[in-house]
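Here the structure is laid out as structure tokens; the discussion comes afterwards.
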Amino acid sequence: MSRALGCTMEHVQFAQFLVILAADPPLRFILLSILHIAYAIIRAFQALVKNLNLRRQPARGVHLPRDKVPAHIALVLAHGDAQKRHGQLSVDDVKAMLESVLRVAEWSQAVRVSKLTVYDREGVLVSKAGYLRRKLLPTQEPETDNQTLKPIVLNYPLTPPLSDVSTEATETESDVGDSMDFGSTQFTVPASSEKAQPLCINVISDKDGRTEVALCARQLAAFQKTQNKQLDPATLFKLDINTLDAVLEAKLQSPDMLLVHSMAPGLFKRPLELHAFPPWQIRLTEMHHSQVRRFLPLGKSYTVVEEAAFAQALDIYSDAEFRLGK
Numbered sequence: 019m020s021r022a023l024g025c026t027m028e029h030v031q032f033a034q035f036l037v038i039l040a041a042d043p044p045l046r047f048i049l050l051s052i053l054h055i056a057y058a059i060i061r062a063f064q065a066l067v068k069n070l071n072l073r074r075q076p077a078r079g080v081h082l083p084r085d086k087v088p089a090h091i092a093l094v095l096a097h098g099d100a101q102k103r104h105g106q107l108s109v110d111d112v113k114a115m116l117e118s119v120l121r122v123a124e125w126s127q128a129v130r131v132s133k134l135t136v137y138d139r140e141g142v143l144v145s146k147a148g149y150l151r152r153k154l155l156p157t158q159e160p161e162t163d164n165q166t167l168k169p170i171v172l173n174y175p176l177t178p179p180l181s182d183v184s185t186e187a188t189e190t191e192s193d194v195g196d197s198m199d200f201g202s203t204q205f206t207v208p209a210s211s212e213k214a215q216p217l218c219i220n221v222i223s224d225k226d227g228r229t230e231v232a233l234c235a236r237q238l239a240a241f242q243k244t245q246n247k248q249l250d251p252a253t254l255f256k257l258d259i260n261t262l263d264a265v266l267e268a269k270l271q272s273p274d275m276l277l278v279h280s281m282a283p284g285l286f287k288r289p290l291e292l293h294a295f296p297p298w299q300i301r302l303t304e305m306h307h308s309q310v311r312r313f314l315p316l317g318k319s320y321t322v323v324e325e326a327a328f329a330q331a332l333d334i335y336s337d338a339e340f341r342l343g344k
């Protein structure tokens, strides 16, 4: 009886507190502000502890066996907002991008990945494809970094179009005369051992997506011209999805795993963005976002892809369940 009476008194006191709180908006605002601040502090402390624990734990290596390994990996390198505002990438920034590609290429070949596609929206990697080829192919003559790497100027239009942001990266002096056609910046890294297999590397940018759409339209138009029979104007042109997919993916098939790496570190994790990566190449792709978390604004402006991030992406892909449907 006494316990029931005590619970009833507590309920009455809580109800009286709610009535006072509802009748006093300033008090309600102060109380809610205190609760929100306390919740934010607790969440920040939990995130800090989790980050410290992850750093202390030994990362699973890339070379460990997994149930599934992607045959085709796509690497998207996203530039930082500060570099976009300044309109220029320093030599160190370009080196970080190229080092990321070289690392991922080495790890991909170690886990027997057959194809690697590297992409950045502004086309910096396309302009440096000759440098990557010389570093990855043993038959190429080596050159010093000072002779090949130069600052990159990002040229943005004053008034970008509404549907698409037309951006391109140009060098102050050209590195090599690589063709800008889709799929032409491609080379194969030979196997380093008997157990390894060759790695085919594609270097693309957002221009390749628009170029491929135009090429697809020209191919379809040329095919229609070869048809001798007359068609009704109402049914002059018919295109099914399978034919369109076959034309678009003739040179570059859909990747099995997509790793988006934000080059610039930050306090808060950025949302996953594709950065205009060709959309028809990601029909059934396992995506992973990599970004270095930094609580203090110190250190380099660009970060390379870490082995732990690549290994984590492989683990997620290995555990993923793919349902292709009927």
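Numbering (my numbering), first residue to last: 19 to 344. All C-beta atoms, glycine included, are put in the ideal place defined by N, C-alpha and C.
For Pro296 and Gly227, what's the separation of their Cα atoms in angstroms? Approximately 5 Å between the Cα atoms of the pair.
Quick one: which unbroken beta strand (DSSP E) runs of 3-plus residues sit fully inside the segment 222-298? Chain order, please. Qualifying beta strand (DSSP E) stretches, in chain order: 275-284.
Any idea which residues DSSP pairs Tyr137 with across the strands? When DSSP reads this structure, Tyr137 sits in a beta bridge with Val94, Ile222.
Quickly, what does DSSP pair Val207 with across the bridge? List them, please. Note: Val207 sits in a beta bridge opposite Leu217.
What residue from Ala268, Gly79, Phe205 has the CA that sits closest to Val136's CA? In terms of CA proximity to Val136, Phe205 leads the group Ala268, Gly79, Phe205.
Tell me, please, whether the segment 113-125 touches the segment 317-337 by the rule of three or more beta-carbon pairs shorter than 8 Å. The segment 113-125 vs the segment 317-337: in contact.
Exposure label - Leu23; buried when at least 16 CB within 10 Å: Note that Leu23 scores 46 on pLDDT, short of 50, meaning its location in the model is unreliable and no value can be drawn from it.
The alpha helix (DSSP H) that contains Glu124, what's its start and end? Taken as a continuous stretch (DSSP letters only), the alpha helix (DSSP H) holding Glu124 covers 109-128.
Should the segment 81-91 be regarded as contacting the segment 54-70, the criterion being three or more beta carbon pairs within less than 8 Å? These segments do not touch.
Between Gly141 and Ser223, is the Cβ-Cβ spacing less than 8 Å? Yes. Within cutoff.
Of all the options His293, Ile334, Ser319, Gln271, which has the alpha carbon lying nearest to the alpha carbon of Asp138? Nearest option by C-alpha distance: His293.
Bounding residues of the alpha helix (DSSP H) (the contiguous stretch that carries Glu325): For Glu325, the enclosing alpha helix (DSSP H) begins and ends at 325-337.
Hey, Val80 and Ala329 are a contact pair by Cβ (cut 8 Å); roughly how many whole angstroms apart? About 5 Å separates the CB atoms of Val80 and Ala329; that is less than 8 Å, so the two are in contact.
Out of curiosity, what's the CA-to-CA distance linking Leu36 and Asp42? About 10 Å.
I need the straight-line Cα distance from Arg341 to Lys146, nearest angstrom please. Their Cα atoms are separated by approximately 38 Å.
Cα separation between Ala331 and Glu304? One alpha carbon belongs to Ala331, the other to Glu304, and they sit about 9 Å apart.
Ser391, buried or exposed, once every other Cβ within 10 Å from all chains shown has been counted against 16: In this structure the chain extends from 19 to 344, so residue 391 is not present and cannot be described.
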